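*Asks:* Residue numbers (our numbering), protein chains in the order written: chain L, 1 to 222; chain S, 1001 to 1222. Note that beta-carbon positions come from the ideal geometry of N, C-alpha and C, so glycine has one too. Quick caveat: nothing in here was measured; it's all calculated off a predicted structure. Quick one: structure below, then a few questions.
Protein chains: 2
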Amino acid sequence: MAYGYKIGSIPLTTVQRFASYLPALRDMQRQGRSVVSSASLAEMLRLEAIQVRKDFGYLGITGRPKTGFQVDDLIGAMEHGLSWNRVSDAILVGTGHLGTALLNYRGFGYHGLAIKAAFDIAPDRVGALINGVQVQHLDEMKPFMDAKMAILTVSPESAQEVALRLVRAGITGIWNFTGRTLLLPEPIVVQDQDIAIGLAVLSAKLTARAREAIEAESKPPA
Amino acid sequence: MAYGYKIGSIPLTTVQRFASYLPALRDMQRQGRSVVSSASLAEMLRLEAIQVRKDFGYLGITGRPKTGFQVDDLIGAMEHGLSWNRVSDAILVGTGHLGTALLNYRGFGYHGLAIKAAFDIAPDRVGALINGVQVQHLDEMKPFMDAKMAILTVSPESAQEVALRLVRAGITGIWNFTGRTLLLPEPIVVQDQDIAIGLAVLSAKLTARAREAIEAESKPPA
DNA sequence: ACAGTATCGATACCTTTTTATCGATACCAT
DNA sequence: ATGGTATCGATAAAAAGGTATCGATACTGT
Ligand SMILES: NC(=O)c1ccc[n+]([C@@H]2O[C@H](COP(=O)([O-])OP(=O)(O)OC[C@H]3O[C@@H](n4cnc5c(N)ncnc54)[C@H](O)[C@@H]3O)[C@@H](O)[C@H]2O)c1
Ligand SMILES: NC(=O)c1ccc[n+]([C@@H]2O[C@H](COP(=O)([O-])OP(=O)(O)OC[C@H]3O[C@@H](n4cnc5c(N)ncnc54)[C@H](O)[C@@H]3O)[C@@H](O)[C@H]2O)c1
């Protein structure tokens, strides 16, 4: 009924890989390398060359036989597609351990993200200065703020409630680190960033591998 | 050639959803609710009921018509499948902003994860005490440690080098937060936890939505 | 200039995952 | 007891994404 995969006309998985290509391409750019083949990029990222080419096809970037793709073109097209070439303002709610780490993260410059304000409700958090941003009380959050994106790092129990307040304040995109599913009116874009999911995959793979090892042991080697 | 999706016989996406079902199910358990239908769980998690049922099918858990599934059974089966029902030791390397946040995270108890040791190389980090764990110099890392999983939160430039050291020290699973692709010998399980990927999806969706809005404006409303 | 070759890109194919359909089952009310 | 119905689960269809094939193209070296 919903098939909510593609973003515009680009597969979700392709968009995800864009974020992986970018640091590798930026490294090359820094090293003065101007062209790259799908095969060599694939090797660096443990992908298949054909997949890399197909991804680039979605960008409308076309390579040249025998040489490859222009590094600058690729970076430009990806950054443009993600709007990472210009700065977007964001706010952050929940300045605990994780929120503080994100406020201190230097890498968001590469992603066109600027955290302009931070909010909390704990008396010992409000007023704190974190990497140049002063923590305000959540009640100070006003719809006039022109940030459209919010980073949600409050405790899981508060997640739903705070998210609703964000929507009322005019936020249209929420980057949700709380691991709870937010139930919000349709037009809001929610991106769940649940690290438990990554841990689950890792755990499952390790568990599966351990099981295989035991099975292999019970059978004598061929 | 590779199609690396399934973990054992379970689709990767299903394993990922297990991590999302769990907190919701634990909430129910806490509230004394013992049965849940696929439809109600789907609604909470913004999924389709049939997908929930199919996921549970992989666990071998079978529901009862007209009532639903036993909450306890589901939790037990998922935790068992992920080995989250017993504690695994892990080490963490890179005690900067993010590493510190993870060391302070209380939620890992639910995931059967115990961070037993932390390492860094910066003189002002070594010796620090973070949530009961004393930061050691990376050179102190010894193969005798029985942790099999490592959390990698060093700076991106050191990622590859440190990962190789981890492998030499007997680590078989790496939870990689650095955003860099690690090139390691085959049997090592690497789980990339690149938040830039989540941000890319959010950015792309917001950008696509903005584009749609502009297009809708240029056309007069029907 | 020309042969040889690395690399791209269009097309077709295959695998995996999601969704629809529908009969079977167990609970509930009468 | 019986009929009504919510819910499950098997099967099949649809959709999405990944991979193989192969002709076309542009660079390299002679
Ligand atoms: N720390 C981690 O490494 C980590 C890892 C995975 C997930 N998470 C998730 O990230 C979120 C934050 O984790 P944390 O470790 O930083 O927790 P934390 O307890 O350190 O921080 C939570 C912060 O949110 C604030 N808060 C709570 N309710 C609020 C409300 N209604 N309005 C405004 N602020 C409110 C608290 O005052 C606190 O400062 C949690 O949802 C957690 O599950 C954290
Ligand atoms: N802070 C965030 O919110 C955030 C967000 C996204 C990604 N990341 C990624 O997580 C990683 C850590 O980020 P951070 O913000 O904590 O950075 P940070 O600079 O605060 O911490 C990095 C830590 O790694 C240590 N380190 C560096 N090289 C090392 C080595 N060879 N051996 C041992 N320790 C070493 C440093 O001493 C430092 O303590 C980075 O790869 C970053 O890209 C962080």
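At the level of alpha carbons, what is the spacing between Arg-1033/S and His-1137/S?
*Replies:* Stepping through the second sequence from its first residue, residue 1033/S is reached at position 33. Stepping through the second sequence from its first residue, residue 1137/S is reached at position 137. Cα to Cα, Arg-1033/S sits roughly 48 Å from His-1137/S.
*Asks:* Given that Ala-128/L touches chain S, what residues does it touch there, using C-beta distances under 8 Å?
*Replies:* Stepping through the first sequence from its first residue, residue 128/L is reached at position 128. Ordered by position in chain S, no residue passes the 8 Å Cβ test against Ala-128/L, which lies about 15 Å from the chain.
*Asks:* Can you grab the Cα-Cα spacing for the pair Glu-212/L / Val-1015/S, in whole Å?
*Replies:* Position 212 of the first sequence, counted from the start, is the residue given in the question as residue 212/L. Position 15 of the second sequence, counted from the start, is the residue given in the question as residue 1015/S. Computed Cα separation, rounded: 18 Å.
*Asks:* With three or more C-beta pairs closer than 8 Å as the rule, is the stretch 139-156 of chain L touching the stretch 1007-1014 of chain S?
*Replies:* Not touching, per the Cβ criterion.
*Asks:* So, with DSSP's three-state summary, where would you put Lys-54/L?
*Replies:* As a first step, residue 54/L must be located in the first sequence, where it is residue number 54. Three-state DSSP puts Lys-54/L in a helix.
*Asks:* Could you say if the stretch 124-139 of chain L and the stretch 86-99 of chain L meet the contact criterion of at least three C-beta pairs nearer than 8 Å?
*Replies:* Yes, they touch.
*Asks:* In chain order, which beta strand (DSSP E) runs of at least 3 residues are fully inside the stretch 169-220 of chain L?
*Replies:* Taking only runs of at least 3 residues, the beta strand (DSSP E) segments lying wholly in the stretch 169-220 of chain L are 173-176, 189-192.
*Asks:* Do you know how far the Cα of Thr-1067/S is from the Cα of Ile-195/L?
*Replies:* Counting from one through the first sequence, the residue named residue 195/L turns up at place 195. Counting from one through the second sequence, the residue named residue 1067/S turns up at place 67. Roughly 32 Å between the two C-alpha positions.
*Asks:* Run the CB neighbour count on Lys-1054/S, radius 10 Å, all protein chains shown included, and call it buried at 16 or more, exposed below.
*Replies:* The sequence position of residue 1054/S within the second sequence is 54, counting from 1. Exposed, because fewer than 16 other Cβ atoms sit within 10 Å of the Cβ of Lys-1054/S.
*Asks:* Under 6 Å: does the beta carbon of Arg-64/L sit that close to some heavy atom of ligand 2?
*Replies:* By one-based count along the first sequence, residue 64/L stands at place 64. No, since every heavy atom of ligand 2 falls outside the 6 Å radius drawn around the Cβ of Arg-64/L.
*Asks:* Tell me the rounded alpha-carbon separation between Glu-1079/S and Leu-1113/S.
*Replies:* For the purposes of this step, residue 1079/S is taken as the residue at position 79 of the second sequence. For the purposes of this step, residue 1113/S is taken as the residue at position 113 of the second sequence. Cα-Cα distance, rounded: 12 Å.
*Asks:* To the nearest angstrom, how far is the alpha carbon of Glu-1157/S from that of Ala-1101/S?
*Replies:* As a working mapping, residue 1157/S is identified with position 157 in the second sequence. As a working mapping, residue 1101/S is identified with position 101 in the second sequence. So the alpha carbons of these two residues sit roughly 20 Å apart.
*Asks:* I need the boundaries of the alpha helix (DSSP H) containing Ile-75/L, first residue and last residue.
*Replies:* On the first sequence, position 75 is the one that residue 75/L refers to. Residues 71-82.
*Asks:* What did DSSP end up calling Arg-1017/S once you bin it into helix, strand or coil?
*Replies:* Within the second sequence, the letter at position 17 stands for residue 1017/S. Looking at Arg-1017/S - three-state DSSP - the assignment turns out to be helix.
*Asks:* Go through its chain and collect everything with a Cβ distance to Lys-1006/S's Cβ below 8 Å, but skip five positions before and after it.
*Replies:* If you number the second sequence from 1, residue 1006/S lands on position 6. Here the set comprises Leu-1012.
*Asks:* What are the residues in the stretch 1034-1054 of chain S lying within 8 Å of chain L by C-beta distance?
*Replies:* If the cut-off is 8 Å between Cβ atoms, the stretch 1034-1054 of chain S has Met-1044, Leu-1045, Arg-1046, Glu-1048 near chain L.
*Asks:* Within 7 Å (strictly less), CB to CB, does Phe-1119/S reach chain L?
*Replies:* Here residue 1119/S refers to the residue found at position 119 of the second sequence. So no, Phe-1119/S is outside the interface.
*Asks:* Relative to the C-alpha of Lys-1116/S, which candidate in Tyr-1110/S, Ala-1090/S, Ile-1197/S has its C-alpha closest?
*Replies:* In the second sequence, residue 1116/S corresponds to position 116, counting from 1. Minimum Cα distance to Lys-1116/S is reached at Ala-1090/S.
*Asks:* Sorry if obvious, but does the Cβ on Asp-1192/S come closer than 6 Å to a heavy atom of ligand 2?
*Replies:* Position 192 of the second sequence, counting from 1, holds the residue named residue 1192/S. Flag unset: Cβ of Asp-1192/S not near ligand 2.
*Asks:* Along chain S, in chain order, which residues have C-beta atoms closer than 9 Å to that of Ile-7/L?
*Replies:* Counting from 1 along the first sequence, the entry for residue 7/L is found at position 7. Simply Val-1201, Ala-1204, Lys-1205, Thr-1207, Ala-1208.
*Asks:* Contact criterion: CB-CB distance below 7 Å. Does Phe-1056/S meet it with respect to chain L?
*Replies:* Walking along the second sequence from the start, residue 1056/S turns up at place 56. No, its Cβ sits nowhere closer than 7 Å to a Cβ of chain L.
*Asks:* Measuring from the CB of Pro-156/L, is there a heavy atom of ligand 1 at a distance below 6 Å?
*Replies:* Locating residue 156/L in the first sequence gives position 156, where the first residue counts as 1. Checking every heavy atom of ligand 1 against the Cβ of Pro-156/L, one is found closer than 6 Å.
*Asks:* Does Ser-88/L pass the burial test, meaning 16 or more other C-beta atoms within 10 Å, or should it be called exposed?
*Replies:* For this step, residue 88/L is matched to residue 88 along the first sequence. Counting Cβ neighbours within 10 Å, Ser-88/L comes out buried, since at least 16 surround it.
*Asks:* Quick check: is any heavy atom of ligand 1 less than 6 Å from the C-beta of Ala-1090/S?
*Replies:* In the second sequence, residue 1090/S corresponds to position 90, counting from 1. No - ligand 1 has no heavy atom lying nearer than 6 Å to the Cβ of Ala-1090/S.
*Asks:* Counting only beta-carbon separations shorter than 7 Å, does Val-1167/S have a partner in chain L?
*Replies:* The residue given as residue 1167/S occupies position 167 in the second sequence. Chain L contact via Cβ: absent.
*Asks:* Taking Cβ-Cβ distances shorter than 8 Å, what residues in chain L pair up with Asn-1085/S?
*Replies:* On the second sequence, residue 1085/S is found 85 positions in, with the first residue counted as 1. Near Asn-1085/S there are no residues of chain L at all, since even the closest Cβ is about 11 Å away, more than 8 Å.
*Asks:* Which whole-angstrom value is the C-beta distance of Thr-1172/S and Val-1189/S, which I expect to be below 8 Å?
*Replies:* Counting from one through the second sequence, the residue named residue 1172/S turns up at place 172. Counting from one through the second sequence, the residue named residue 1189/S turns up at place 189. The pair is a contact, with the Cβ atoms about 7 Å apart (cut-off 8 Å).
*Asks:* Report yes or no: is there a C-beta of chain S within less than 7 Å of the C-beta of Asn-104/L?
*Replies:* Stepping through the first sequence from its first residue, residue 104/L is reached at position 104. So yes, Asn-104/L belongs to the interface.
*Asks:* So with CB distances below 8 Å, who are the chain S contacts of His-137/L?
*Replies:* Position 137 of the first sequence, counted from the start, is the residue given in the question as residue 137/L. Near His-137/L there are no residues of chain S at all, since even the closest Cβ is about 22 Å away, more than 8 Å.
*Asks:* Following a CB-centred definition, is Leu-1138/S positioned closer than 6 Å to any heavy atom of ligand 2?
*Replies:* In the second sequence, counting from the first residue as 1, residue 1138/S sits at position 138. At least one heavy atom of ligand 2 is nearer than 6 Å to the Cβ of Leu-1138/S, so yes.
*Asks:* Hey, does Ala-101/L have any beta-carbon neighbour from chain S nearer than 7 Å?
*Replies:* Walking along the first sequence from the start, residue 101/L turns up at place 101. Ala-101/L counts as touching chain S.
*Asks:* Output needed in chain order: residues of the stretch 17-31 of chain L with a Cβ under 8 Å from some Cβ in chain S.
*Replies:* Here the close residues are Phe-18, Ala-19, Ser-20, Leu-22, Pro-23, Ala-24.
*Asks:* Please list, in chain order, the chain L residues whose beta carbon lies closer than 9 Å to that of Gly-1068/S.
*Replies:* Numbered from its first residue, the second sequence carries residue 1068/S at position 68. Under the 9 Å cutoff, chain L gives no residues; its nearest Cβ is about 19 Å from Gly-1068/S.
*Asks:* CB Gly-99/L to CB Thr-153/L, shorter than 7 Å?
*Replies:* Locating residue 99/L in the first sequence gives position 99, where the first residue counts as 1. Locating residue 153/L in the first sequence gives position 153, where the first residue counts as 1. Against a cut-off of 7 Å, the Cβ pair of Thr-153/L and Gly-99/L comes out as a contact.
*Asks:* Helix, strand or coil: which one does DSSP assign to Ala-222/L?
*Replies:* On the first sequence, residue 222/L is found 222 positions in, with the first residue counted as 1. Caution applies to Ala-222/L, whose pLDDT of 48 falls short of 50 and renders its modelled position unreliable; the model cannot decide the point.
*Asks:* Based on the DSSP output, what are the partners of Met-149/L in its beta bridges?
*Replies:* What you label residue 149/L is simply residue 149 of the first sequence in a count that begins at 1. Note: Met-149/L sits in a beta bridge opposite Ala-90/L, Gly-173/L.
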